[in-house]
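Accompanying notes for the structure given below.
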Amino acid sequence: MINNIFCPNCGSDLDINSTICKCGESISRTEVSLINSKVTAISNKKIVDESFRNNVNDYFEYFVKNKKLSFIYFDSNSAKVDFNAKIDYLKNSLVPSINDWNENIINLKKNVARDKIEVYGRIVSITEFILKEFFGPFTIKENGLQEIAAYRDFGIDKISETYFDSNLNLSELKDIDLGALGGNVLNAIGNTFQSDSFKEILNKGEYSKSDIKQMRNEVGVAVAVELVSGITNMIGQNMQAIQMIREADSELNEKLKETSNVINLMAIEENESIKQKRLFDKSELILDICFEKKLKPIVNELNNVPTYIQYKNNRKKFDLEQEKIKIDNQLLMKEIPISFWVCLLNTKNGNYNIYRKKRIKSIDKQNQYAEINNLLNEKNHKSLIDSEIYKELKTKGFEEFEKENRRILKTIPAIINNKDYVIGFTQVIRTIKSNLIS
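Quick note, the sequence shown lines up with residues 860 to 1297 if you use the numbering used here.
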């Protein structure tokens, strides 16, 4: 799939020698050549510095082959020297190389997470345009847009899931590219390894994603603690005894088998991350090219219609109110510690305001909420009942505004002539989702 070209109309895979897609779209040789060059660039792009993996493999192979104790020692000092050399090589060469590789994999996975958010963000922004701008937010059932609404929700869920699973912070998303319709899509998103857990995971025959993630996040600590500190502490004051040194060496060799498992898992995870990056880079390319061909001309046409421009300006107040309601809903869903005594000593409205402040601070929405209030010339709700009344009244007002304006908007040529074409973009998103979850 990653190396195949695709139809710029529906996003489906296309044979490089074809000029007609199964969707009926006729594709020029110029388009085929352009798409092929972009797909080839994705396939050939160097994603990782392979020297990190190679260093680990080289250090580990050298360690196994050359850092062995002799079969015969005539005094414990010689055994001690060889064992110390083995430990020093482990601490100074193998462990640092594993940690460096681990850091490189972490950065790679962060880049993949950003790519995922860029793709899912495009899905959300495109479906939002179709639902909210072109047809209207309250006409999903009327226009049979349930599948498009499901894709919007899918995109929002995946943005949230990716954001929290990847340990990204918002500062790392400031320059993220969400495409031509990106806007404020990101507003939609709403321990140390223990020895026993390390052994328990490594003794498994199969590894879950959580196992791999746990080992990746802590592999440096785990290797350092398990292979260095534990071994040297085990020997303790008995370093003079050759037998104790051999026992320590045997224990170290057993732990190296665990390290070999970790190295293999890191290689598997790096390879999987490379595949994921190419997949999401290709998905982003499909969305951008199909958008440019199918939807961008319609967006531009709409944005030049005076009736639509006036509608957009008049809707700004309602959009702000809906954004305020969205934050109110997020506050209700946010779990925070509740003090029995605080609740006992305050009124119902007092408790609402105390915990509302804590909730809005915990989701970092104070400034956004204050700005919305300022633009609307409104204040914070004084109680939960006030919040519910506000939601009911403002949503009803928005529905009435939409109902009145959609009667007019449905008559403009930019919407009448492009309705089927816009709905047809569903096939592109359907293809993207199928590629991502297959």
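Glycine residues also receive a C-beta, built at the ideal position from the N, C-alpha and C atoms.
| Check | Outcome |
| --- | --- |
| Beta-carbon proximity of L1138 to L1295, cut-off 9 Å | yes |
| Endpoints, alpha helix (DSSP H) assigned at T878 | That residue, T878, is in no alpha helix (DSSP H); it is neither H nor E in DSSP. |
| Close beta carbons around I1231, own chain, < 7 Å, minus the five adjacent residues each side | L1179, E1182 and K1183 |
| Assumed close pair N1277, I1157 - CB separation to whole angstroms, cut-off 8 Å | 5 Å |
| Counted within 10 angstroms of its Cβ, other Cβ atoms place Q1225 as buried (16 or more) or exposed | exposed |
| According to DSSP, residues forming a beta bridge with I864 | L873 |
| Residues that S885 bridges to, as DSSP identifies them | I879 |
| Ordered list of alpha helix (DSSP H) runs contained in the segment 934-1012, each at least 4 residues | 935-948 and 954-987 |
| Closest by C-alpha distance to W960, when choosing among C866, Y1280, L1235 and V915 | V915 |
| Touching by the beta-carbon criterion (3+ pairs, under 8 Å), the segment 971-988 and the segment 1009-1023 | yes |
| CA nearest to the CA of E1160, picked from N943, E1128, I1274 and I1244 | I1274 |
| Burial state of G1256, where buried means 16 or more other Cβ atoms lie within 10 Å | exposed |
| Nearest residue (CA-CA) to E1129, options S892, S896, S887 and S910 | S910 |
| Which of helix, strand or coil DSSP assigns to D908 | coil |
| Cα-Cα separation, N1172 to S896 | 41 Å |
| Pick from A972, I1267, T889 and L953 that is closest to D1024, judged by C-alpha positions | A972 |
| Element boundaries [alpha helix (DSSP H), containing E1230] | Q1225 to L1235 |
| Assigned exposure category for I879 - 16 Cβ within 10 Å defines buried | exposed |
| Cβ-based neighbour list, K1238, same chain, cut-off 8 Å, excluding 5 preceding and 5 following | N1232 |
| Extent of the continuous alpha helix (DSSP H) to which T1270 belongs | Segment: none, T1270 is in no alpha helix (DSSP H) and carries neither H nor E. |
| Whole-angstrom distance between K969 and G1283, CA atom to CA atom | 33 Å |
| Proximity below 9 Å, CB of G1281 to CB of C1149 | Looking at the sequence shown, residue 1281 is not Gly but Val. Their beta carbons are not under 9 Å apart, which means V1281 does not touch C1149 by this criterion. |
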